[in-house]
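Protein sequences, first through last, are from chains A and B. Every position in the first sequence, counted from 1, becomes a number in the working numbering once 303 is added. Every position in the second sequence, counted from 1, becomes a number in the working numbering once 303 is added. We put the beta carbon where it would ideally sit given N, CA and C, even for glycine. Note sheet for the following structure.
There are 2 protein chains.
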Amino acid sequence: MEQRDWYGIRQVAQLTGLSTQLIRKWEERYGAVAPRRMENGYRVYNAKDVMRLKQLQKLISEGFSIRNAVLYLDENKFEAEIVTDRSPDNLQENTSLYTTKQTQISQFMDMLFAFGERGDSSGIQDLLQKVYSQYGLEFLSENLLIPFLHEVGERWEMRVWDEFQEHISSLAVRDFLIRQYSSFLAPQDAPLFLAACIPGERHEIMLHIAMLEAAIRGFKTAFLGISPAPNALEDAVESLRPKIVVLAMTTSAPIDENPMLFSDLEQLASRYRQTHFYIGGRGARMHFKGTGKWLRFSDSLDSLFRDIEHR
Amino acid sequence: MEQRDWYGIRQVAQLTGLSTQLIRKWEERYGAVAPRRMENGYRVYNAKDVMRLKQLQKLISEGFSIRNAVLYLDENKFEAEIVTDRSPDNLQENTSLYTTKQTQISQFMDMLFAFGERGDSSGIQDLLQKVYSQYGLEFLSENLLIPFLHEVGERWEMRVWDEFQEHISSLAVRDFLIRQYSSFLAPQDAPLFLAACIPGERHEIMLHIAMLEAAIRGFKTAFLGISPAPNALEDAVESLRPKIVVLAMTTSAPIDENPMLFSDLEQLASRYRQTHFYIGGRGARMHFKGTGKWLRFSDSLDSLFRDIEHR
DNA sequence: ATTATGATGTCAAATGTATGTATAAACTAA
DNA sequence: TTAGTTTATACATACATTTGACATCATAAT
Numbered sequence: 304m305e306q307r308d309w310y311g312i313r314q315v316a317q318l319t320g321l322s323t324q325l326i327r328k329w330e331e332r333y334g335a336v337a338p339r340r341m342e343n344g345y346r347v348y349n350a351k352d353v354m355r356l357k358q359l360q361k362l363i364s365e366g367f368s369i370r371n372a373v374l375y376l377d378e379n380k381f382e383a384e385i386v387t388d389r390s391p392d393n394l395q396e397n398t399s400l401y402t403t404k405q406t407q408i409s410q411f412m413d414m415l416f417a418f419g420e421r422g423d424s425s426g427i428q429d430l431l432q433k434v435y436s437q438y439g440l441e442f443l444s445e446n447l448l449i450p451f452l453h454e455v456g457e458r459w460e461m462r463v464w465d466e467f468q469e470h471i472s473s474l475a476v477r478d479f480l481i482r483q484y485s486s487f488l489a490p491q492d493a494p495l496f497l498a499a500c501i502p503g504e505r506h507e508i509m510l511h512i513a514m515l516e517a518a519i520r521g522f523k524t525a526f527l528g529i530s531p532a533p534n535a536l537e538d539a540v541e542s543l544r545p546k547i548v549v550l551a552m553t554t555s556a557p558i559d560e561n562p563m564l565f566s567d568l569e570q571l572a573s574r575y576r577q578t579h580f581y582i583g584g585r586g587a588r589m590h591f592k593g594t595g596k597w598l599r600f601s602d603s604l605d606s607l608f609r610d611i612e613h614r
Numbered sequence: 304m305e306q307r308d309w310y311g312i313r314q315v316a317q318l319t320g321l322s323t324q325l326i327r328k329w330e331e332r333y334g335a336v337a338p339r340r341m342e343n344g345y346r347v348y349n350a351k352d353v354m355r356l357k358q359l360q361k362l363i364s365e366g367f368s369i370r371n372a373v374l375y376l377d378e379n380k381f382e383a384e385i386v387t388d389r390s391p392d393n394l395q396e397n398t399s400l401y402t403t404k405q406t407q408i409s410q411f412m413d414m415l416f417a418f419g420e421r422g423d424s425s426g427i428q429d430l431l432q433k434v435y436s437q438y439g440l441e442f443l444s445e446n447l448l449i450p451f452l453h454e455v456g457e458r459w460e461m462r463v464w465d466e467f468q469e470h471i472s473s474l475a476v477r478d479f480l481i482r483q484y485s486s487f488l489a490p491q492d493a494p495l496f497l498a499a500c501i502p503g504e505r506h507e508i509m510l511h512i513a514m515l516e517a518a519i520r521g522f523k524t525a526f527l528g529i530s531p532a533p534n535a536l537e538d539a540v541e542s543l544r545p546k547i548v549v550l551a552m553t554t555s556a557p558i559d560e561n562p563m564l565f566s567d568l569e570q571l572a573s574r575y576r577q578t579h580f581y582i583g584g585r586g587a588r589m590h591f592k593g594t595g596k597w598l599r600f601s602d603s604l605d606s607l608f609r610d611i612e613h614r
């Protein structure tokens, strides 16, 4: 999920904006987090711990005391694990101890498709919530979200599913993601992550996944939305001065409509060198051959951040 | 109302606008509420307590004394849910309260526009959250959301705002609404409320407001999304058998593209008589003259539900 | 008209709790 | 050494609770 899967207390402090002492006190007094320890006793945090701290900050900003915020999160965690038995009727849940991770994934997928088939948006969202809080975003995203969205699209194109099934399923995923990333509190001076669909593009969901990842990493996020006019992107960059701009291009349509698209963007990127411009998606992978100097291709935030570090 | 069912006195004060001292005094003197206590003696309120305090405020604003308001609520414990416009003994015209509310609204609006101006999505969402929990959806929707969205559109058309400011502001409102209504858990067998944009229509936000209202009223909600193909709506109705279908049509574009639109929909509606079909929005108000037999015009869920009852 | 009474919101003091920060002493790593 | 981590303790500020006082105002009694 992150560049690294563990953090020292100092890094956690920097990522959350909390002091190291406070992080320890929250652990001691309220059980806010439960980091593992190295042999020497040093605390070792994982990405989930960092997320939890950020969620606590968000709750505090909404009027919770830290004590109650922890209670609240723990309560919801409990609820999230009970939800398991809301499986559709035509599937009986197999809670055998011998289920491997693979079979569990395919069980989740089956449930998702069953929910989507009957247009049960909240069923989808509850399941995603459960998997998310149990296994984290990386697992959820790679093993469930992306394959699910992909096959939902397939089923629609193959006429296996009606359009409404595709729409409701996609929107359920979108709504889930929106709920997640708006539960993080980013510090005022955090760098900005701007996500936008390329003119002519209408698939926004991958961007929401990226935004959730960015929010977890401590960015403020802004979403420019579907198909903004060409100059809207420039206006936004000019005003917001984001650290990163990510553009989605899942189909070939945009390049058909405007063959100059990439060079236009490259030129825009060259004018704002404080901002890193990336383009991603299937459409971009197919057509964006020349790795531009200022506009680059990236399919995952992981590779994106690696790229930034090596610039 | 919310998923969570306990609040500290601080949050209750924030939610109701009462001071913590007053909340305690009301409890001590009149038994206004009876919160449980934590081990340390701190008060723990539940959603009912908060509701009750809000009802008391409403009664006081209508002229009741606090003492009588409590007595009134206790006497009418079972019908007290609807305490709307009951005339009190000594009704005094309190214009001061009204004007302060007016200035408060315009203050909120100013803040919203300030946030929107700098593309601060989470600023918008936090403010909406505050107003929502303090004054409820009706107030928020009528006095802030709809005027705000309206003027955001204006500013964009008048070139006062750039497109990105319009997009980010609208999306912030959308995300806020999505977060709200997905926090409602409707029972499995609740009637379904299906919202969809008419083919050619791309404004989805009003539908999200409607969905939130429906969720509050206990409906399961489903959102079919932007511009579904003509048959997608029929497929969805056929499969999901919603109790209510609401269609949004804010512009005139759809009727220009397909002059038969209304009669097509009327025909669809006539085939599913268990389902109530409504169409709303500025575009519909302008063009939908003949009040159809099965497809009807409605601009608010209030009027919609009144209409259903009188059918 | 003046006074007494009661209702109500606000304030203050005394006491305990919650929470963020600071320091000391021991230990670890580079 | 020097900087960072650990535990433990101390402390200040903010917050919660109880109790009672007080000012204001409307209403009833004088």
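Residue i to residue j span [Cα, whole Å]
i	j	result
His470/A	Gly528/B	6 angstroms
Leu480/A	Leu515/A	7 angstroms
Gln432/B	Ala335/B	26 angstroms
Ala498/A	Ala475/B	14 angstroms
Met461/A	Phe411/A	22 angstroms
Trp459/A	Glu560/B	25 angstroms
Phe496/A	Leu359/A	22 angstroms
Ser444/B	Tyr575/B	31 angstroms
Ile449/B	Arg332/A	45 angstroms
Ser368/B	Lys361/B	11 angstroms
Gln324/A	Leu376/A	22 angstroms
Arg428/B	Glu342/A	The identity of residue 428/B in the sequence shown is Gln, whereas the question assumes Arg. Each residue's alpha carbon lies about 44 angstroms from the other.
His506/B	Val347/A	47 angstroms
Asp628/B	Arg482/A	Residue 628/B is absent from the model: chain B starts at 304 and stops at 614.
Val434/A	Arg355/A	16 angstroms
Ala551/B	Asp610/A	44 angstroms
Leu318/B	Lys351/B	13 angstroms
Ser486/B	Tyr484/A	15 angstroms
Gly584/A	Phe526/B	25 angstroms
Thr406/B	Asn446/B	12 angstroms
Gln314/A	Gly366/B	57 angstroms
Ala493/B	Tyr310/B	28 angstroms
Phe442/A	Gly586/B	45 angstroms
His613/B	Leu321/A	58 angstroms
Leu394/A	Ala337/B	Because the pLDDT of Leu394/A is 41, which lies under 50, any placement of that residue in the model is unreliable, and the number read from its coordinates should be weighed accordingly. Those two C-alpha atoms are separated by around 45 angstroms.
Ile363/B	Glu378/A	36 angstroms
Phe451/A	Arg339/A	33 angstroms
Ser542/B	Glu330/B	51 angstroms
Limits of the alpha helix (DSSP H) - the one that residue i falls within
i	result
His453/B	Ile449 to Glu460
Arg576/A	That residue, Arg576/A, is in no alpha helix (DSSP H); it is neither H nor E in DSSP.
Phe620/B	Outside the displayed span of chain B (304 to 614) sits residue 620/B, for which this structure offers no information.
Arg544/A	That residue, Arg544/A, is in no alpha helix (DSSP H); it is neither H nor E in DSSP.
Leu474/A	Glu466 to Tyr484
Ala442/B	The residue asked about is misnamed: residue 442/B is Phe in this sequence, not Ala. Its alpha helix (DSSP H) spans residues Ser424 to Phe442.
Glu378/B	Ile369 to Glu378
Thr406/A	Lys404 to Glu420
Pro557/B	Ala556 to Glu560
Glu331/A	Thr323 to Tyr333
Met552/B	From DSSP, Met552/B is part of no alpha helix (DSSP H); its letter is neither H nor E.
Val353/A	Ala350 to Ser364
Val315/B	Ile312 to Thr319
Assumed close pair residue i, residue j - CB separation to whole angstroms, cut-off 8 angstroms
i	j	result
Phe416/A	Asp538/B	At roughly 17 angstroms, the Cβ-Cβ gap does not stay under 8 angstroms, so Phe416/A and Asp538/B are not in contact.
Asp308/B	Asn371/B	The Cβ separation is near 29 angstroms, so there is no contact.
Gly419/B	Val455/B	7 angstroms
Gly439/A	Ala489/A	Between Ala489/A and Gly439/A the Cβ distance is about 19 angstroms, and since that is not below 8 angstroms, they are no contact.
Ala517/B	Leu604/B	7 angstroms
Boundaries (first-last residue) of the beta strand (DSSP E) holding residue i
i	result
Phe580/A	His579 to Gly583
Phe600/A	Leu598 to Phe600
In the region 495 to 530 of chain B, which residue ranges form an unbroken alpha helix (DSSP H) of at least 4 residues, counting only runs that do not cross its ends?
-> DSSP runs (the alpha helix (DSSP H)) wholly in the region 495 to 530 of chain B: 508 to 519.
contact_flag[the region 560 to 572 of chain A, the region 590 to 604 of chain A] where n(CB pairs < 8 angstroms) is 3 or more = Flag = yes, the region 560 to 572 of chain A and the region 590 to 604 of chain A touch.
The region 579 to 594 of chain B contacting the region 529 to 549 of chain B, beta-carbon criterion three pairs below 8 angstroms | yes
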